[in-house]
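Numbering-wise (our numbering), the sequence shown opens with residue 287 and increments by one. Think of the CB as a built atom: it goes at the ideal place given N, C-alpha and C, for glycine as much as any other residue. Keep in mind the model is a prediction, meaning the values are calculated, not measured. Notes follow the structure.
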Amino acid sequence: MAGDLTPRRGHATRAAAATAVNPGATGQATAWSVAPGPRGRGASSNAWRKRLEIFFFVAPALLLFATFVLLPVVQAARYSVFRWNGLGPMDNFIGFQNYVMALGDTVFQRSVTNNLTIAVLSIAIQLPIGVLIALLLNRKFPGQTAMRVIVFVPYVLAEVVAGVIWKLLLQPSGGVNAFLEAIGLGGVTQSWLANSSVALWTVMGVLTWKYCGLAIVLLLAGLQGVPEELHEAASIDGASWWQTQRKITIPLLGPTIRTWMFLSMIGSLQLFDMVWILTKGGPDNATSTMATYLIRQGTERSQYGYSSAVAIILFVISFVIAGLFQKLVMNRDSGDDKPKQRRKKVSR
């Protein structure tokens, strides 16, 4: 029978004979009697089959990644060491001069500062708003589904559509100034996108309206994984709703919050479309980002070698920040931060 573990008569006889002649040979006889047959070849064949299956399904994704990510990065690195206007052969090799020029340009330095400012403000503003709205929308009330849809609609809108709408609303004669005048705040009205002192904050407000819905949806999904029994136990112990959220719910949302922070940070570093539609980096480079600076140098001034160097710098900055965030923050969810148990030295 397939499941019969009783040793066969021939094996038992040989083992008994070996034991009678040499009692120390019991282990050898037993090992000989249960030694595996030709299964090793079958197991190796199954292992290779699994590897081929994995390669068959992963190969298309790897090919697309290499074609549309790795190859453009390599090509940009190649263009960046030439002074090239996008036409004709690349025969004016200048080495790392484009990188030196970019890092020494005050406009590019301001663009990097704006990107970092937007990344920090996105987390500092959108995270509290997202957590608060997600906690409120997670409670049962009439119209809950409709409210969730309304909150998520701005994120679904295309950046071009949202940017054009807000550009019209923020004009001196637009809807924002008209609303402020209607409620008695006419002294606050101004050219929101033309004033260099408030333009970046105006863009930040539009970005918050546009992308806060993603944080809310992710946090709502994370709230579904919080056990209801913990809330019931906290209420039995006399904890208020706010104490329950602060002590139980929000700490359990840690992995979801860290994932959203990672996405928000990378998106802020690569921000282009919304800023380009609203201000094109102006006025006076007050809202310029690394991506808008790159496009200006490449398309408007035909400095494709220089803009390729800026693209490589943007790639390196994003890669380094993403790697540091992954190592210092995201690894907490994989358990890599658990202290390793030290082996005790046995004294002889």
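Distance, residue j Cα to residue i Cα
i: residue 394; j: residue 427; result: 49 angstroms
i: residue 440; j: residue 356; result: 32 angstroms
i: residue 422; j: residue 483; result: 35 angstroms
i: residue 525; j: residue 610; result: 38 angstroms
i: residue 460; j: residue 400; result: 26 angstroms
i: residue 564; j: residue 452; result: 8 angstroms
i: residue 385; j: residue 406; result: 26 angstroms
i: residue 403; j: residue 396; result: 10 angstroms
i: residue 583; j: residue 548; result: 29 angstroms
i: residue 429; j: residue 518; result: 25 angstroms
i: residue 618; j: residue 465; result: 46 angstroms
i: residue 302; j: residue 333; result: With a pLDDT of only 45 at residue 302, under the threshold of 50, the placement of this residue in the model should not be trusted, and no figure is reported.
i: residue 362; j: residue 603; result: 15 angstroms
i: residue 433; j: residue 424; result: 11 angstroms
i: residue 409; j: residue 353; result: 33 angstroms
i: residue 443; j: residue 379; result: 44 angstroms
i: residue 358; j: residue 587; result: 21 angstroms
i: residue 343; j: residue 539; result: 33 angstroms
i: residue 492; j: residue 450; result: 11 angstroms
i: residue 446; j: residue 558; result: 11 angstroms
i: residue 346; j: residue 556; result: 26 angstroms
i: residue 516; j: residue 490; result: 37 angstroms
i: residue 348; j: residue 436; result: 38 angstroms
i: residue 339; j: residue 360; result: 30 angstroms
i: residue 635; j: residue 458; result: One cannot answer for residue 635 here, as it falls past the ends of the chain, which runs 287 to 634.
i: residue 390; j: residue 580; result: 15 angstroms
i: residue 365; j: residue 589; result: 10 angstroms
i: residue 335; j: residue 414; result: 50 angstroms
i: residue 469; j: residue 546; result: 36 angstroms
i: residue 601; j: residue 552; result: 11 angstroms
i: residue 473; j: residue 467; result: 8 angstroms
i: residue 431; j: residue 337; result: 45 angstroms
i: residue 514; j: residue 537; result: 15 angstroms
Proximity of residue i and residue j at Cβ, strictly below 8 angstroms
i: residue 615; j: residue 544; result: yes
i: residue 462; j: residue 455; result: yes
i: residue 585; j: residue 561; result: no
i: residue 416; j: residue 498; result: yes
i: residue 388; j: residue 607; result: no
i: residue 500; j: residue 542; result: no
i: residue 488; j: residue 478; result: yes
i: residue 382; j: residue 376; result: no
i: residue 521; j: residue 530; result: yes
i: residue 392; j: residue 486; result: no
Buried versus exposed, by CB contacts within 10 Å (16 or more), residue i
i: residue 419; result: buried
i: residue 554; result: buried
i: residue 596; result: buried
i: residue 502; result: buried
i: residue 412; result: buried
i: residue 575; result: buried
i: residue 550; result: buried
i: residue 350; result: exposed
i: residue 370; result: buried
i: residue 528; result: exposed
i: residue 398; result: buried
i: residue 612; result: exposed
i: residue 331; result: exposed
i: residue 506; result: buried
Beta-bridge pairing of residue i - partner residues as DSSP gives them
i: residue 379; result: 368
Proximity test, Cβ basis, 8 angstroms: residue i and chain C
i: residue 348; result: Among the chains in the structure shown there is no chain C, since it carries only a single protein chain.
With a cut-off of 8 angstroms, do at least 3 Cβ pairs link the region 562-571 to the region 480-496?
Flag = yes, the region 562-571 and the region 480-496 touch.
Closer than 8 angstroms is the cut-off here; do at least three beta carbon pairs connect the region 575-595 with the region 506-523?
Contact between the region 575-595 and the region 506-523 is absent, because fewer than three Cβ pairs lie under 8 angstroms.
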